[in-house]
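Heads up, the thing below is written out as C-alpha cells.
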Amino acid sequence: MAFLRTRPADGSGLTYTALARERRVAAVPEGHRLTERDAVALADLTGEVVALCSTAATTGTDLWPEGRTPRTVRVPGVDEWLTVIATGEAVGVTAEGTSHHHLHPGVRYLPLTDAAPVTVHLARPAVPTHAATEAFVGLAQEHLRRADTAR
Numbered sequence: 727m728a729f730l731r732t733r734p735a736d737g738s739g740l741t742y743t744a745l746a747r748e749r750r751v752a753a754v755p756e757g758h759r760l761t762e763r764d765a766v767a768l769a770d771l772t773g774e775v776v777a778l779c780s781t782a783a784t785t786g787t788d789l790w791p792e793g794r795t796p797r798t799v800r801v802p803g804v805d806e807w808l809t810v811i812a813t814g815e816a817v818g819v820t821a822e823g824t825s826h827h828h829l830h831p832g833v834r835y836l837p838l839t840d841a842a843p844v845t846v847h848l849a850r851p852a853v854p855t856h857a858a859t860e861a862f863v864g865l866a867q868e869h870l871r872r873a874d875t876a877r
C-alpha cells in the first residue's frame with residue numbers, strides 16, 4: 727500500500743481510495759517580496775519562474791489560466807526543488823503536506839487562495855494480498871474523518 731498525491735494511469739493493477747484533499751501552498755525563498763503576505767494567489771506567481779519537480783509532480787502549468795502560464799524549470803527531485811527555491815532561482819507550488827515533511831531554512835510556505843486542492847489516495851493491489859488490507863483502509867478513512875472533525 728502507498729499514499730499517493732497523483733494517480734498512475736489506469737491498468738496499473740491497483741485500486742485507489744480517495745482519503746483527503748490537501749490545500750496547495752506556494753514555496754518562496756525567505757526574503758522574497760511575497761513573504762510579507764499571509765497568503766498568495768496564482769496570479770502573484772505568474773511573473774516568477776516556477777520549479778516543477780519530476781518525482782513529486784502534483785503541480786503543472788495547467789493550474790494557471792490560459793495566457794497566464796509562468797515560466798518553469800524542471801528539477802529531478804524534492805531536494806533540488808527546495809534548493810532552486812531557497813537560492814531564489816524559482817518559486818514552487820505543492821501540496822500542503824510538503825510544508826510539514828520538507829522543511830528548509832531558506833524556504834517559506836504560504837497558503838494559495840485560488841489553487842485546486844490535491845487529492846491524497848491510498849493505493850493498493852486490486853487483488854488483496856493481505857487479510858487486513860480492507861481493515862487498514864477503513865482505519866485510515868476513520869482517522870482522517872476524526873482529524874477533519876477536530877479542526
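Counting in the numbering used here, the sequence shown runs from 727 upward without gaps. The C-beta atom is built at its ideal place from N, Cα and C for all residues, glycine as well.
Could you spell out the range, first to last residue, of the alpha helix (DSSP H) harbouring residue i?
i: H847; result: Here H847 belongs to no alpha helix (DSSP H); instead the beta strand (DSSP E) covers V844 to P851.
i: A782; result: Run containing A782: none; DSSP gives neither H nor E here.
i: L808; result: V804 to A812
Given this structure, state the Cα-to-Cα distance separating residue i from residue j, to the nearest angstrom.
i: A767; j: A841; result: 8 Å
i: V776; j: V754; result: 10 Å
i: V902; j: A752; result: Look at the range of the chain in this structure, 727 to 877, and you will see that residue 902 is not part of it.
i: L838; j: W807; result: 18 Å
i: P831; j: T813; result: 11 Å
i: G757; j: V853; result: 50 Å
i: H856; j: A769; result: 47 Å
Taking buried to mean at least 16 other C-beta atoms within 10 Å of its own C-beta, is residue i buried or exposed?
i: T869; result: Looking at the sequence shown, residue 869 is not Thr but His. When all chains shown are included, H869 counts as exposed.
i: A746; result: buried
i: S825; result: buried
i: R750; result: buried
i: D736; result: exposed
i: D805; result: exposed
i: R800; result: exposed
i: L789; result: buried
With a threshold of 8 Å on Cβ separation, who are the neighbours of residue i within its own chain once the five nearest residues in sequence on each side are excluded?
i: R731; result: E748, A782, T784, A821, G823, V844, T845, V846 and H847
Take residue i and list the residues in its own chain whose beta-carbon comes closer than 7 Å to its own, dropping the five residues that flank it on each side.
i: R763; result: L836
i: C779; result: V801, G803, V804 and W807
Return the first residue and the last residue of the beta strand (DSSP E) that residue i is part of.
i: L740; result: L740 to E748
i: T798; result: R797 to V801
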